[in-house]
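J.: Sequential numbering from 16 applies to the sequence shown in my numbering.
We put the beta carbon where it would ideally sit given N, CA and C, even for glycine.
Below is the structure I would like to discuss, written out as structure tokens.
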Amino acid sequence: MRREHGKKILVSVDKEKLRMGSIVAALIASVALFVAMLQIEKRMLTEYERGTILVAAQEIPKGQLLTKENMTEYFAVKELDKECIPATALISMEQVEDMVAVTVIEEGVLLTEGMFERMNEIVGDMQEPVVAGCKAEDLYQMVGGVLRTGDRIHIYAVTEDGETKLVWQNIFVQQVFDSVGGGIANEDHSSPAQRINIYLEKKDVEQFYTALANGTLRVVKVCE
């Protein structure tokens, strides 16, 4: 009886050791797998180096001037694999200060240099650029009031003989105002432009205002 009881105890101990051994082996295997996965993840992160790029946080209207005050409104920073970032990518807020959007930029678009131009580039070819202002009625209803900041216009003059001649082309609209003098945002597609400021050469200002006073100037908007 004692021998049989002793054998049962030994068998029970052996089974317990085997069970504990299996648990320990499983634990070791789990730890080894976890460490291996960490190493794989580390290698993947090393292989795919990350970088940052600016994206449009909301739609950026054509002609919108970007300043310190509105940068955080229009831009967000996104992290991507460096291989996915274009060589001409804009990667910092400082790069876009005092730049103008050359076209409408939809929300979420990755931003590159070609989507903007600097204000000094707009007047770069001018010898003595100045800002001239005029009222809608002086320029034949200001193209129906649809002008906005950043638009380009051609200005024609009607001669005494009734002929129309191109006088200034690709003139940059610097700012647009409503009837009470408030600036009209480019997102506003309903408020009619009552006054505009444009860039002109200083030498052309006298001719411009004389023609305005005579009511001979006409404006067309450049469609892009």
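Beta-carbon separation of residue 93 and residue 67 under 8 Å?
T.: Within the sequence shown, numbered from 1, the residue matching residue 93 stands at position 78. Within the sequence shown, numbered from 1, the residue matching residue 67 stands at position 52. Contact: yes.
J.: Beta strand (DSSP E) containing residue 137: first to last residue?
T.: What you label residue 137 is simply residue 122 of the sequence shown in a count that begins at 1. From DSSP, residue 137 is part of no beta strand (DSSP E) but of the alpha helix (DSSP H) over 134 to 137.
J.: With distances taken between CB atoms, is the gap from residue 191 to residue 164 smaller than 8 Å?
T.: Sequence index remark: in the sequence shown, residue 191 carries index 176 (1-based). Sequence index remark: in the sequence shown, residue 164 carries index 149 (1-based). The answer is yes: Cβ separation under 8 Å.
J.: Using a Cβ-Cβ cut-off of 7 Å (strictly less than) and excluding sequence neighbours within five positions of residue 180, which residues of its own chain qualify?
T.: As a working note, residue 180 is residue 165 in the sequence shown. Result list for residue 180: 171, 172, 174, in chain order.
J.: Considering only the alpha carbon of each residue, which of 129, 189, 205 lies closest to residue 168?
T.: Here residue 168 refers to the residue found at position 153 of the sequence shown. Nearest C-alpha to residue 168: 189.
J.: Which ranges would you report for the beta strand (DSSP E) in the segment 177 to 228 if only whole runs of at least 3 residues count?
T.: 179 to 192, 210 to 216, all fully within the segment 177 to 228.
J.: Would residue 152 and residue 122 be called neighbours here (beta carbons separated by less than 8 Å)?
T.: Looking up residue 152 in the sequence shown gives position 137. Looking up residue 122 in the sequence shown gives position 107. The answer is no: Cβ separation not under 8 Å.
J.: By Cβ distance, which residues of its chain are closer than 6 Å to residue 182, with the 5 residues on each side in sequence left out?
T.: Position 167 of the sequence shown, counted from the start, is the residue given in the question as residue 182. Closer than 6 Å at the Cβ level, and outside the excluded window around residue 182, lie 170, 172.
J.: In its own chain, which residues sit with a C-beta less than 6 Å from the C-beta of residue 150, not counting the 5 before and 5 after it?
T.: Taking the first residue of the sequence shown as position 1, residue 150 is located at position 135. 210.
J.: Based on Cα-Cα distance, which residue from 89, 148, 110 lies nearest to residue 72?
T.: For the purposes of this step, residue 72 is taken as the residue at position 57 of the sequence shown. For residue 72, the nearest C-alpha among the options comes from 89.
J.: Return yes when the Cβ of residue 117 is within less than 8 Å of the Cβ of residue 134, no when it is not.
T.: Locating residue 134 in the sequence shown gives position 119, counting from the first residue. Locating residue 117 in the sequence shown gives position 102, counting from the first residue. Against a cut-off of 8 Å, the Cβ pair of residue 117 and residue 134 comes out as no contact.
J.: State the Cα-Cα distance for the pair residue 234 and residue 104, rounded to the nearest angstrom.
T.: By 1-based counting over the sequence shown, the position of residue 234 is 219. By 1-based counting over the sequence shown, the position of residue 104 is 89. Whole-angstrom Cα-Cα distance: 36 Å.
J.: Would you kindly report the start and end of the unbroken beta strand (DSSP E) that includes residue 67?
T.: Locating residue 67 in the sequence shown gives position 52, counting from the first residue. Where residue 67 is concerned, the enclosing beta strand (DSSP E) stretches over 65 to 71.
J.: Please classify residue 96: does DSSP put it in a helix, a strand, or coil?
T.: By 1-based counting over the sequence shown, the position of residue 96 is 81. Strand, per DSSP.
J.: Beta strand (DSSP E) containing residue 114: first to last residue?
T.: Translated into positions along the sequence shown, residue 114 becomes position 99. Note, residue 114: beta strand (DSSP E), 114 to 116.
J.: Consult DSSP for residue 234 and reduce its assignment to one of helix, strand or coil.
T.: In the sequence shown, the residue the question calls residue 234 occupies position 219. The answer is strand: DSSP assigns residue 234 an E or B state.
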